[in-house]
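J.: Quick one: the structure is below, questions incoming.
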Amino acid sequence: MVRTEEILLNVGPQHPSTHGVFRLVLTLDGEVITDAKPVIGYLHRGTEKIAENLQYTQIIPYTDRMDYVSAMTNNYVLVHAVETMMGTEIPERAEYLRVLAMELNRVASHLLWWGTFILDFGATSPLLYAFREREMILNLLNELSGARLTFNYMRVGGVKWDAPEGWIEKVQEFVPYMRKQLKGYHDLVSGNEIFLNRTKGIGTYTKEDALNYSLSGVNLRSTGVKWDLRKDESYSIYDRFDFDVVTRDAGDAFARYECRLEEILESLKIIEQACEQFPQDGPIMAKVPKIIKAPKGEAFVRIEGSRGEIGCYIASDGKKEPYRLKFRRPSFYNLQILPKLLKGENISNLISILGAIDIVLGEVDG
Amino acid sequence: MIEDLLHSSPGILNFGIFFVLALLFLFVILGFVTYAILAERKVLGFMQGRIGPNHLGGRWGLLQTVADVLKLLVKEDLIPKAADRPLFILAPVIAFAPSFIVIATIPFTDKLQFADLNVGLLYYIAISGISIIGTLMAAWASNNKYSLIGGMRAAAQMVSYEIPLVMSGLGIVLLTGSLNLNEIVAQQQEAGWFILWQPIAFVVFFISATAELYRVPFDLAEAENELVAGFHTEYSGFRWAMFMLSEYVYMFAMASLISVLFLGGWLPPFEFLGFIPGAVWFALKFSLVVYILIWFRATFPRLRADQLMEFAWKVLLPVALANIFLTALLKELLSIF
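In order, the protein sequence lines correspond to chains A and B. The working numbering applies: residue 8 is where the first sequence begins, and numbers increase by one. The working numbering applies: residue 10 is where the second sequence begins, and numbers increase by one.
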């Protein structure tokens, strides 16, 4: 009888495909994972605690640094929460700029995911193609806000900067270009036999699991649950646009892949319509007091971020700082299903399972 | 010339000549490796919408690899405390030496060949099998779990893919009745290139060769996204350079072998092009094979370890065996060979 031993493998926090400082302690029986324990917190900065000593406008840059790949949606959830408490009416033009910025950012975020997901399988070219297109979006957002990742663009009551001249036209030019490139992406990767072998049927979970683990975003929709806050609990001006909620029934890594790529198309639809409806002129800021004080009470708002539902809870005692601020960070919740998915899997599937969940460590650790 | 030297009585002069020749040859190969790496980076760059190295040595980055190698050579020699020191030091040498030895038997032209062995093909396969010992040694000696998993994968892959490689090569041996590489090329002069007679064998051979070289999509042994760097995770500086060197020299050897077996070696594609020297034809065919290998790298994702094994045993091996059968039939019925 051969004596075998389980080995303990420490993946991360500097492992190349944990997409940041994520650590995973695996117990391996040969190449099969028998136990997985995620260890998080390497990027914890205590955003929520820091926020208790900051004025509302000062908190916005901190939200940029949570999900740094999709900062616009984080910006929005905070200002949206404060505006809900104050009952501020947002000017038309500002709403459109917000939606454009958020949807462009969503496309950029999904592109980054697409590139890195396939990079994890050892194909290097798609990453560079995705970055080429993402670069164009970042340039657009840079023209709008003056930053490429940490935008700090939205304010309570509107947005900080108006769109520069010709910006809308540039966005309109980008939409058909991106659609064309997306076709190329499908040609390059989606039908690849090796890629299909590594994603189809990998990391499958059921609708019930997804709901029980409180998954959101694509991770939920890939199991067939048609749930998108932009449609189901419409906020901002999303009810004015015609777009579909993309779902798949398989619930595996490939379903999530398909969902994300199709969501890019849906976002492009929204961008196209928003550009057409964009008001010629008007203010970009509502009339808000110099020092913003949320009235006494509490509010919880949630929106559809690139990775799932971002929630923001504010408890205020009427001062210029929040009494308590809490973010529902989707990556953190989505990550919880990982140990369940990993048990009994081959270690080579680790990266496709982890990659398909799409976590951003800044958001997981908060 | 070398033939005469081999048969002359041994002496210091003979040894000296051999030594100088081998040294010259080593430099030729190092030159190839230098520019193969550059070519790989440039071609990948073009395929990925980038420029590639373009600072050192002018617009084409001609000195980039030289600088890289220099940097690797002067790097601090790091050996982990928990590593098995003698094995750790020995492993890169054992991995590298066979890659250089196998080239001795490859005929670059009908005259330019170091050792005209009658068992050339067998010699190549036998010697190249030794390299895996170096890989396993490195994996074990590093005392690192990623290395160990990488090394095990490398060993399993090597063993699995060597079989279809040999089996597909057998088709050619059946046709020519010889293991001598020179003889194999000579026979293609009359019969036409063996890629025409053995298309199935060519495909199987090429796939297995890619796997033997640990290149994408079969680079599981050093899958950086899973195993950090596989068996050479703990290696750095010139020891790491040795592993890389052996990989590229194997690429040189394997591309040469494919040109010799299937693409007619130094023979021109048409009679009337015979005025161009054989060495040029060889270089062209050889570059084509290397280019395809780089192309693979820009295109494919990586296979999973178990799928890799399945593919070798359930697809490649039966196809290769069927090919042998077909070849035997062909030879009996057509009686060209």
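The C-beta atom is built at its ideal place from N, Cα and C for all residues, glycine as well.
Tell me whether L111 (chain A) sits in a helix, a strand or coil according to DSSP, three-state version.
T.: If DSSP states are grouped into helix, strand and coil, L111 (chain A) belongs with the helices.
J.: Buried or exposed: which applies to N112 (chain A), given that a residue is buried once 16 or more other Cβ atoms fall within 10 Å of its Cβ?
T.: Classification of N112 (chain A): buried, given that the 10 Å Cβ count is 16 or more.
J.: What number of angstroms, rounded off, separates the C-alpha of E370 (chain A) from the C-alpha of V37 (chain B)?
T.: Answer to the nearest angstrom: the Cα atoms are 53 Å apart.
J.: Please tell me whether G129 (chain A) has its Cβ less than 9 Å away from any Cβ of chain B.
T.: Closer than 9 Å to some Cβ of chain B, the Cβ of G129 (chain A) qualifies, so yes.
J.: In whole angstroms, what separates the C-alpha of L131 (chain B) from that of R205 (chain A)?
T.: Roughly 36 Å separates the two Cα atoms.
J.: Report the start-end ranges of each beta strand (DSSP E) in the region 121-148 of chain B that is 3 residues or longer and not cut off at the edges.
T.: Complete beta strand (DSSP E) runs here, min 3: none at all.
J.: I'd like the span of the alpha helix (DSSP H) that includes A292 (chain B), first residue to last.
T.: G287 to T308 is the span of the alpha helix (DSSP H), which, as asked, contains A292 (chain B).
J.: Runs of 4 residues minimum, wholly inside the region 224-272 of chain A: which ones carry the alpha helix (DSSP H) assignment?
T.: Listed in chain order, they are 225-228 and 236-239.
J.: What would DSSP say about L374 (chain A), mapped onto helix, strand or coil?
T.: Nothing can be reported for residue 374 (chain A), as the shown portion of chain A is limited to 8 through 373.
J.: Can you give the Cα-Cα distance for L135 (chain A) and K238 (chain A), rounded to whole angstroms?
T.: C-alpha separation (whole angstroms): 33 Å.
J.: What residues in the region 147-161 of chain B have a beta carbon less than 9 Å from any beta carbon of chain A?
T.: For the region 147-161 of chain B, which is checked against every Cβ of chain A, the residues closer than 9 Å are K154, Y155, L157, I158 and M161.
J.: Could you tell me if E235 (chain B) is buried or exposed, where buried requires 16 or more neighbouring beta carbons within 10 angstroms of its beta carbon?
T.: Burial call: buried.
J.: Residues in its own chain within less than 8 Å of Q196 (chain B) by CB, not counting five upstream and five downstream?
T.: These residues qualify, in order along the chain: L184, T185, S187 and F346.
J.: Please state the DSSP three-state secondary structure of I299 (chain A).
T.: Coil at I299 (chain A), not helix or strand.
J.: Between A307 (chain B) and chain A, is the shortest Cβ-Cβ distance under 9 Å, so that the two count as touching?
T.: Yes, A307 (chain B) counts as interfacial toward chain A.
J.: For F128 (chain A) versus P277 (chain B), is the C-beta spacing smaller than 9 Å?
T.: Not in contact: F128 (chain A) and P277 (chain B) (Cβ atoms no closer than 9 Å).
J.: Between the beta-carbon of V178 (chain A) and the beta-carbon of L147 (chain A), is there less than 9 Å?
T.: Result yes, Cβ atoms of V178 (chain A) and L147 (chain A) sit closer than 9 Å.
J.: Measure the Cβ-Cβ separation of V295 (chain A) and T95 (chain A) and say whether it is below 9 Å.
T.: A contact, by the Cβ cut-off of 9 Å.
J.: Beta-carbon separation of I201 (chain A) and P173 (chain B) under 9 Å?
T.: No, these two residues do not count as a Cβ contact at 9 Å.
J.: Below 9 Å between beta carbons: does that hold for R186 (chain A) and L275 (chain A)?
T.: Cβ distance < 9 Å, so R186 (chain A) and L275 (chain A) count as in contact.
J.: In the DSSP output, which residue or residues are listed as bridge partners for V39 (chain A)?
T.: Beta-bridge pairing links V39 (chain A) to A:D36 and A:N353.
J.: Between which two residues does the alpha helix (DSSP H) holding A217 (chain A) run?
T.: It spans K214 to N219 - the alpha helix (DSSP H) in which A217 (chain A) sits, taken as one unbroken run.
J.: Using only alpha-carbon positions, find the residue among B:L65, B:S217 and B:D86 that is nearest to D77 (chain B).
T.: Comparing Cα-Cα distances from D77 (chain B) to each of B:L65, B:S217 and B:D86, the minimum goes to B:L65.
J.: DSSP state of Y103 (chain A), grouped into three classes?
T.: Of the three classes helix, strand and coil, the one that applies to Y103 (chain A) here is helix, per DSSP.
J.: Measuring only between beta-carbons, confirm whether D315 (chain B) sits less than 9 Å from chain A.
T.: Cβ-Cβ to chain A under 9 Å: yes for D315 (chain B).
J.: For M161 (chain B), which option in A:D216, A:G37 and A:E215 has the closest C-alpha, if you only look at C-alpha atoms?
T.: Comparing Cα-Cα distances from M161 (chain B) to each of A:D216, A:G37 and A:E215, the minimum goes to A:G37.
J.: So I366 (chain A) is in the alpha helix (DSSP H); what residue range does that whole segment cover?
T.: Careful: I366 (chain A) lies outside any alpha helix (DSSP H) and carries neither H nor E.
J.: Please list, in chain order, all residues of the same chain as S177 (chain B) whose beta carbon is under 6 Å from its beta carbon, the five residues on each side excluded.
T.: Correct list, in chain order: A210, V213, F214 and A329.
J.: For R68 (chain B), count neighbouring C-beta atoms within 10 Å of its own C-beta (all shown protein chains included) and say buried if the count is 16 or more, exposed if not.
T.: With fewer than 16 Cβ atoms within 10 Å of its Cβ, R68 (chain B) is classed as exposed.
J.: Less than 9 Å between CB atoms is the rule here; does R50 (chain B) satisfy it with respect to chain A?
T.: With 9 Å as the cut-off, R50 (chain B) does not count as an interface residue toward chain A.
J.: With distances taken from CA atoms, which of B:F28, B:A307 and B:S255 is nearest M56 (chain B)?
T.: M56 (chain B) has its Cα closest to that of B:A307, out of B:F28, B:A307 and B:S255.
J.: Answer with yes or no whether the minimum CB distance from D228 (chain B) to chain A is below 9 Å.
T.: Judged by the 9 Å Cβ criterion, D228 (chain B) is in contact with chain A.
J.: Measuring straight from C-alpha to C-alpha, what distance separates A288 (chain B) and F181 (chain A)?
T.: Straight-line Cα distance between these residues: approximately 51 Å.
J.: If you draw a straight line from the alpha carbon of I142 (chain B) to that of N17 (chain A), how long is it in whole angstroms?
T.: I142 (chain B) and N17 (chain A): Cα-Cα distance of roughly 27 Å.
J.: Buried or exposed: where does F24 (chain B) fall if 16 or more other Cβ atoms within 10 Å of its Cβ makes it buried?
T.: Label assigned to F24 (chain B): exposed.
J.: Distance, Cα to Cα, Y49 (chain A) vs A43 (chain A)?
T.: In a straight line, the C-alpha of Y49 (chain A) is about 18 Å away from that of A43 (chain A).
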